[in-house]
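S.K.: The structure follows.
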Amino acid sequence: MPIPILDDVAAARGTILRRMPLDEVAVPPALLDGIERIFGARLSPAEAVDRIIRDVRARGDEALLDWSAQLDNGRREALEVPRARWQAAAEALDPALLDALRLAAAEIERFHRRQARNSWVDFSVEGALGQIVVPLQRVGLYAPGGSAPLPSSLLMAAIPARVAGVEEIIVCSPPQRATGEVHDLVLAAAHVAGVDRVFALGGAQAIAGMAYGTASVPQVDKIAGPGNLFVVLAKRAVYGVVGIEALPGPTETLVIADASADPR
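Take the sequence shown: its position 74, counting from 1, is numbered 74 in full-length UniProt numbering, and each next residue is one higher.
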């Protein structure tokens with residue numbers, strides 16, 4: 001896809017700064033065709049997500065495995081990825097890349113330790129006023145792992161949770177179509193970040209599993225992490241059942257340059 005070139009502020013305001021509701025996002029015809037092929041009806045992405053969520057609530061693990069087989073092109077025997085597999089992924093990673101993940105993790109932790117909020121009580125009035133800060137018991141993190149695995153996003157979500165004292169951190173990341181396994185970069189990041197459990201599970205079904213809980217996937221208190229349109233729609237749908245941190249959209253990169261810039 002070519003990068004658009006904007007020559008004036010008005011054009012920038014009409015494109016880069018434009019925001020629209022999720023339901024008004026232009027959906028490529030090929031995506032709608034894919035939805036129709038899977039569901040047997042011409043559904044919107046939001047309607048497809050709703051069907052997946054309702055199915056996961058009704059059938060639990062069986063629905064998770066079925067949707068993974070349909071949408072990620074492969075059926076697994078188990079949803080959870082053994083811890084030894086994370087360790088192996090980290091050991092197989094290029095040493096320079098593993099060092100970069102560890103350095104990033106250390107810097108993220110250093111930053112967030114300065115953010116820590118403490119409980120306080122004021123006895124200067126009759127009685128007491130205060131705020132008790134208590135970490136969540138369990139959070140679920142979504143880590144994209146398809147064509148663009150995002151180990152940095154996993155680090156930036158998992159480490160603040162650990163610093164805050166969250167008791168259990170679980171991660172869902174989609175299995176790769178070619179192997180049926182979670183991407184090694186994501187597994188290595190999970191190992192470095194010190195999460196507790198990893199599941200080979202992507203898309204709206206992953207969000208539904210974490211929001212409502214199944215026999216294999218525990219219900220969480222809050223879900224965080226970026227994803228595609230279906231993931232974002234699913235997060236919006238389960239908000240209120242669980243907390244969410246945001247509805248992240250596509251990454252926007254802006255390059256400001258004039259004729260003197262070297263494009264190389």
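C-beta atoms are modelled at their ideal positions from N, C-alpha and C, and glycine is treated no differently.
Under 8 Å, do S68 and Q205 count as touching if we go by C-beta distance?
M.R.: Yes.
S.K.: Under DSSP, the beta strand (DSSP E) around V171 begins and ends at which residues?
M.R.: Note, V171: beta strand (DSSP E), E168 to S173.
S.K.: Among all the DSSP beta bridges, which residues are the ones paired with A138?
M.R.: Checking the sequence shown, residue 138 turns out to be Arg, not Ala. Paired residues: E168.
S.K.: I need the straight-line Cα distance from S95 to W86, nearest angstrom please.
M.R.: The sequence as given places Pro at residue 95; Ser does not occur at that position. Roughly 15 Å between the two C-alpha positions.
S.K.: Can I169 and L141 be called in contact, C-beta distance under 8 Å?
M.R.: Contact: yes.
S.K.: Less than 8 Å between the C-beta atoms of A200 and V217, yes or no?
M.R.: Contact flag unset, no.
S.K.: Quick check: the region 223 to 231 against the region 97 to 112, are there 3 or more CB pairs under 8 Å?
M.R.: Not touching, per the Cβ criterion.
S.K.: With a Cβ-Cβ cutoff of 8 Å, do V139 and V121 count as a contact?
M.R.: For V139 and V121, no; Cβs fall outside 8 Å.
S.K.: Less than 8 Å between the beta carbons of G145 and V186, yes or no?
M.R.: In contact: G145 and V186 (Cβ atoms closer than 8 Å).
S.K.: Tell me the start and end of each unbroken alpha helix (DSSP H) in the region 99 to 149 that is at least 4 residues and wholly inside, in chain order.
M.R.: Counting whole runs of 4 or more residues, the region 99 to 149 contains no alpha helix (DSSP H) stretch at all.
S.K.: Is V56 near Y212, with beta carbons less than 8 Å apart?
M.R.: Yes, these two residues count as a Cβ contact at 8 Å.
S.K.: So, helix, strand or coil for S80, using DSSP?
M.R.: The residue asked about is misnamed: residue 80 is Glu in this sequence, not Ser. E80: strand per DSSP, three-state reduction.
S.K.: Cβ atoms of A215 and S173: under 8 Å apart, would you say?
M.R.: No, the Cβ-Cβ distance between S173 and A215 is not below 8 Å.
S.K.: Under DSSP, the beta strand (DSSP E) around V231 begins and ends at which residues?
M.R.: No beta strand (DSSP E) contains V231, which is instead part of the alpha helix (DSSP H) from L229 to V238.
S.K.: What does A200 pair with, by DSSP beta-bridge criteria?
M.R.: DSSP, once it has assigned bridges, lists S173 as partnering A200.
S.K.: Between R42 and L31, which are expected to be in contact by the criterion C-beta below 8 Å, what is the C-beta distance as a whole number of angstroms?
M.R.: At roughly 12 Å, the Cβ-Cβ gap does not stay under 8 Å, so R42 and L31 are not in contact.
S.K.: Using 8 Å for Cβ pairs, my map puts I5 next to A234. What's the rounded Cβ distance?
M.R.: Their Cβ separation, rounded to whole angstroms, is 35 Å, which puts I5 and A234 out of contact at 8 Å.
S.K.: Got a sec? Which residues, its chain only, sit under 6 Å from N73 by beta carbon, not counting five neighbours each side?
M.R.: Contacts found: R177.
S.K.: Under 8 Å, do D50 and A237 count as touching if we go by C-beta distance?
M.R.: Result yes, Cβ atoms of D50 and A237 sit closer than 8 Å.
S.K.: In this structure, what does DSSP give as the bridge partners for I223?
M.R.: Per DSSP, G140 and I244.
S.K.: Sort E62, G130, R162 and R83 by Cα distance to G209 and report the nearest one.
M.R.: Of the candidates E62, G130, R162 and R83, the one whose C-alpha sits nearest the C-alpha of G209 is E62.
S.K.: If you draw a straight line from the C-alpha of L93 to the C-alpha of E24, how long is it?
M.R.: So the two alpha carbons sit approximately 41 Å from each other.
S.K.: Do you know offhand how far A148's Cα is from R117's?
M.R.: A148 and R117: Cα-Cα distance of roughly 34 Å.
S.K.: Three-state secondary structure (DSSP) at V56?
M.R.: Reduced to three states, the DSSP call for V56 is helix.
S.K.: Mapping DSSP to helix, strand and coil, what is V182?
M.R.: Note: V182 maps to strand in three-state DSSP.
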